[in-house]
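Here is the structure we will look at, set down as structure tokens.
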Amino acid sequence: MTSPDLRSQLASLTTEAFRPELADIDRLPTLDIARLMNAEDAGVPAAVAAQLPRIAAAIDAVAERMGHGGRLVYAGAGTAGRLGVLDASECPPTFNTDPAQVVGLIAGGPEAMASSVEGAEDSGELARQDLDALKLTPEDTVVGISASGRTPYAIGAVEHARALGALTVGLACNEHSALAAAAEHGIEVVVGPELITGSTRLKAGTAQKLVLNMLSTITMIRLGKTYGNLMVDVRASNDKLRARSRRIVALATGAGDDEIERALSECGGEVKNAILVLLADVDGPTAARLLEDSGGHLRAALAHAAR
1 MTSPDLRSQL ASLTTEAFRP ELADIDRLPT LDIARLMNAE DAGVPAAVAA
51 QLPRIAAAID AVAERMGHGG RLVYAGAGTA GRLGVLDASE CPPTFNTDPA
101 QVVGLIAGGP EAMASSVEGA EDSGELARQD LDALKLTPED TVVGISASGR
151 TPYAIGAVEH ARALGALTVG LACNEHSALA AAAEHGIEVV VGPELITGST
201 RLKAGTAQKL VLNMLSTITM IRLGKTYGNL MVDVRASNDK LRARSRRIVA
251 LATGAGDDEI ERALSECGGE VKNAILVLLA DVDGPTAARL LEDSGGHLRA
301 ALAHAAR
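Using UniProt numbering, the first residue of the sequence shown is number 1, and each one after it goes up by one.
If you want it as structure tokens, here you go:
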């Protein structure tokens, strides 16, 4: 049984508000429901746009720490936790990051990705245990994610991380949230009540996905993981990505197929190195050294090679 206090808290949240004008939605034709839902989703980017200065400030702080070897850790429960795990899991193939560099923690552990783990989201202590298992350092960043902004697991993660000196970000979908208040960087994307009352996997989930896309992608741009808008650190782990690697080298250099194959072969399939070989007319080992000296930034390595 839930407490009266908790019921009162939920009733006060924008994300939990009931919309009487949609009370007969189940009687509408399917196309009309789809139109309603699509119109609701159309407002999410504007809500994210209102938080762009806060998002950008958080990204700059995250990138600075990761540039010194820090990790990016997402922590959330339910849908919010799953979105964090999803974003983290997409970084290695997209940006060739070490799997330990961007980490997703979900209340209840891996089992909670597919099914609910009873009571896990209500435990701040569980969040502290999960973070302690990572041996958090002051160079790391912890992003607590919670649509309501009151989830104990997300708040506990942020509070514990901050006490350890790590950078903290709180991502919520309600104003004046405890999560945003607990973090150094509070981001509150207020998307309003959901089409289905309290189903925060809808607009709130979409908003969280958009913000997490920005956090990881722009941080990786700042860390030199792209060249322009090309994924030059892509990890070619399957046929599609191997084909994409060749296309990226072609787009960056304008080289022919034979030159591209030679450069990739010389660089062990590393796209960034192959581009440097072709554009700077250096060999593979020299390209590797130039990139290492430039902190992995291809533009800086090209400038260094041109001196």
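Note that the Cβ used here is the ideal one computed from N, Cα and C, for glycine as well.
On a predicted model such as this, the values are computed, not experimentally measured, just so you know.
query	result
Nearest-angstrom Cα separation, counted from PRO93 out to VAL249	17 Å
Beta-carbon proximity of GLU188 to THR15, cut-off 8 Å	no
Under the three-state DSSP convention, the category THR197 falls into	coil
Alpha-carbon to alpha-carbon, MET37 and LEU200	The sequence shown places Thr at residue 200, rather than the Leu named in the question. Computed Cα separation, rounded: 13 Å.
Strand pairing of GLU188, partner residues [DSSP]	ALA172
Close Cβ partners of LEU215 (< 8 Å) along its chain, the five nearest in sequence each way excluded	ILE55, ALA58, ILE59, VAL62, LEU72, ASP87, VAL143 and VAL169
TYR74 beta carbon less than 8 Å from that of GLY67	no
Cβ-based burial, GLU125 [other Cβ within 10 Å; buried from 16]	exposed
At least three beta-carbon pairs within less than 8 Å, the stretch 101-112 to the stretch 224-237	no
Whether PHE18 touches MET220 by CB criterion (8 Å)	no
Close Cβ partners of THR97 (< 6 Å) along its chain, the five nearest in sequence each way excluded	CYS91
Classification of MET1 by the beta-carbon crowding that lies within 10 angstroms, buried from 16 upward	Since pLDDT at MET1 reaches only 46, below the 50 mark, its modelled position is unreliable, and no value is offered.
Boundaries of the alpha helix (DSSP H) in which TYR153 is found, first to last residue	152-163
Boundaries of the alpha helix (DSSP H) in which VAL73 is found, first to last residue	Where VAL73 is concerned, there is no enclosing alpha helix (DSSP H), although the beta strand (DSSP E) it sits in stretches over 72-76.
Integer Cβ distance of LEU179 from ALA207, believed to fall under 8 Å	14 Å between Cβ atoms; not a contact.
Beta-carbon proximity of VAL191 to GLY43, cut-off 8 Å	yes
Start-to-end residues for the alpha helix (DSSP H) that takes in LEU134	Counting along the chain, LEU134 falls outside any alpha helix (DSSP H), and DSSP gives it neither H nor E.
Reference LEU164, options ARG128, THR79 and GLY198, closest by Cα	ARG128
Sheet register partners of THR141 (DSSP bridge)	LEU72 and LEU167
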